[in-house]
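Notes follow once the structure below has been shown.
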Amino acid sequence: MTKKALERKEFDEMPPDKQFEVLHRDGVYIGKRKEGEETVVLLQLSSFYVELYYTKYRKEVSRLLTSDDTEILQPYLEQIHVRDLKKKKE
Amino acid sequence: MTQQLPPKNLVLYADDDIDDIDLIRDAFRHYPSVEIVDFENGEALLHYAQHLASVDVTPCLIILDVNMPRMDGKLTLRALRSMESYQHTPVILYTTSTLPDEKAFARKFNAGFVTKPLCVDQIRIAVDLFVDHCSEDVRRTIKKQSEK
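Protein chains in written order, with this note's numbering: chain A, 1 to 90; chain B, 91 to 238.
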């Protein structure tokens with residue numbers, strides 16, 4: 001039997017501890033960035049994205065945002081240096 | 091009278107993310123008998139590990155981030171296992187990944203696999219998993235020291 005993909009709405013309605021459990025088990029890490037004093041981590045979960053805003057890295061989360069818009073990737077993509085990718089390829 | 095300090099249990103940790111290094115250092119504060127030596131990539135850790143082997147010192151645990159510049163965690167693990175002194179040293183791949191391929195790679199090279207935590211509760215679990223990978227003697231010493 002195929003496991004049903006988790007939907008964004010279903011995730012949004014979960015209690016926080018369950019959300020962290022699911023993210024830790026199934027989330028695909030995409031990147032990390034700084035926004036002011038906060039550290040933001042982006043993960044992909046089934047067909048949507050989750051951003052975790054940390055006031056203390058991996059310890060205190062101020063908010064959690066979900067989105068299915070690929071625009072959310074933009075600040076993370078900007079951090080990727082083409083030169084580094086070229087090096088990796090070599 | 092001079093009181094002799096208990097011997098430190100040496101943990102080598104390679105990660106290019108300074109936030110993760112700080113986090114693990116902080117989490118291990120509960121284990122005063124553990125000394126963490128950190129490196130920004132696998133190559134630097136490997137050089138240090140070679141030096142330790144030459145002076146006959148063995149770390150109780152090696153923690154390797156997977157994605158690192160210069161030498162990643164998987165290459166470092168492979169290199170360590172090819173060295174006689176490190177064939178049986180507990181090693182953990184510590185990563186943001188949850189991919190089965192990476193877990194299988196860790197298993198193939200007799201290493202543990204721990205996914206990086208996302209919250210406080212998961213940090214505690216991760217550190218307990220690290221300690222649980224150490225040999226029984228080391229584990230007992232580390233836990234005993236943390237209870238004091």
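Here a beta-carbon is modelled for each residue, glycine too, at the ideal position from N, C-alpha and C.
The model shown is predicted, which means the values in this text are computed figures rather than measured ones.
Nearest CB-CB separation between A/Asp26 and chain B: below the 8 Å threshold. The beta strand (DSSP E) runs of length 3 or more contained entirely in the region 181 to 220 of chain B are, from start to end of the chain, 181 to 185 and 202 to 205.
If you check each beta-carbon in the region 44 to 59 of chain A against every beta-carbon of chain B, the ones closer than 7 Å belong to Leu52, Tyr57, Arg58 and Lys59. Setting aside the 5 residues that flank it on each side, B/Ile215 is surrounded in the same chain by Pro207, each with a C-beta closer than 8 Å to its C-beta; the list follows chain order. Your pair B/Phe118 and B/Ile126 checks out as a contact, with CB atoms roughly 6 Å apart and the cut at 8 Å.
Contact check between the region 38 to 58 of chain A and the region 5 to 23 of chain A: three or more CB pairs, one atom from each, fall below 8 Å, which counts as touching. In the three-state reduction of the DSSP assignment, B/Glu130 falls in the coil class, being assigned neither a helical nor a strand state. Residue-level contact check: B/Leu208 touches chain A, since one or more beta carbons of chain A fall below 8 Å from its beta carbon. Within the same chain, Gly132 come within 7 Å of B/Leu165 by CB-CB distance, once the 5 residues on both sides are set aside. B/Val204 places its beta carbon less than 8 Å from that of B/Leu219. It is roughly 12 Å from the alpha-carbon of B/Ala196 to the alpha-carbon of B/Ile153. Approximately 19 Å separates the beta-carbon atoms of B/Cys224 and B/Leu113; this is outside 8 Å, ruling out the contact. Rounded to whole angstroms, the gap between the alpha carbons of A/Leu52 and B/Ser144 is 44 Å.
Here the alpha carbon of B/Ser123 sits roughly 16 Å from the alpha carbon of B/Tyr103.
Close CB contacts of B/Leu136 within its chain, under the 8 Å cut and outside five residues either way in sequence, are with Met161, Thr166, Ala169 and Leu170 (chain order). For B/Leu154, no chain A residue has a C-beta closer than 8 Å to its own C-beta; the minimum C-beta separation is roughly 16 Å.
A/Glu60 and B/Glu174 have their C-alpha atoms roughly 42 Å apart. Residue state for A/Tyr57 is assigned as coil, using DSSP reduced to three classes. Chain A places a beta carbon closer than 8 Å to that of B/Thr188, counting this residue as a contact.
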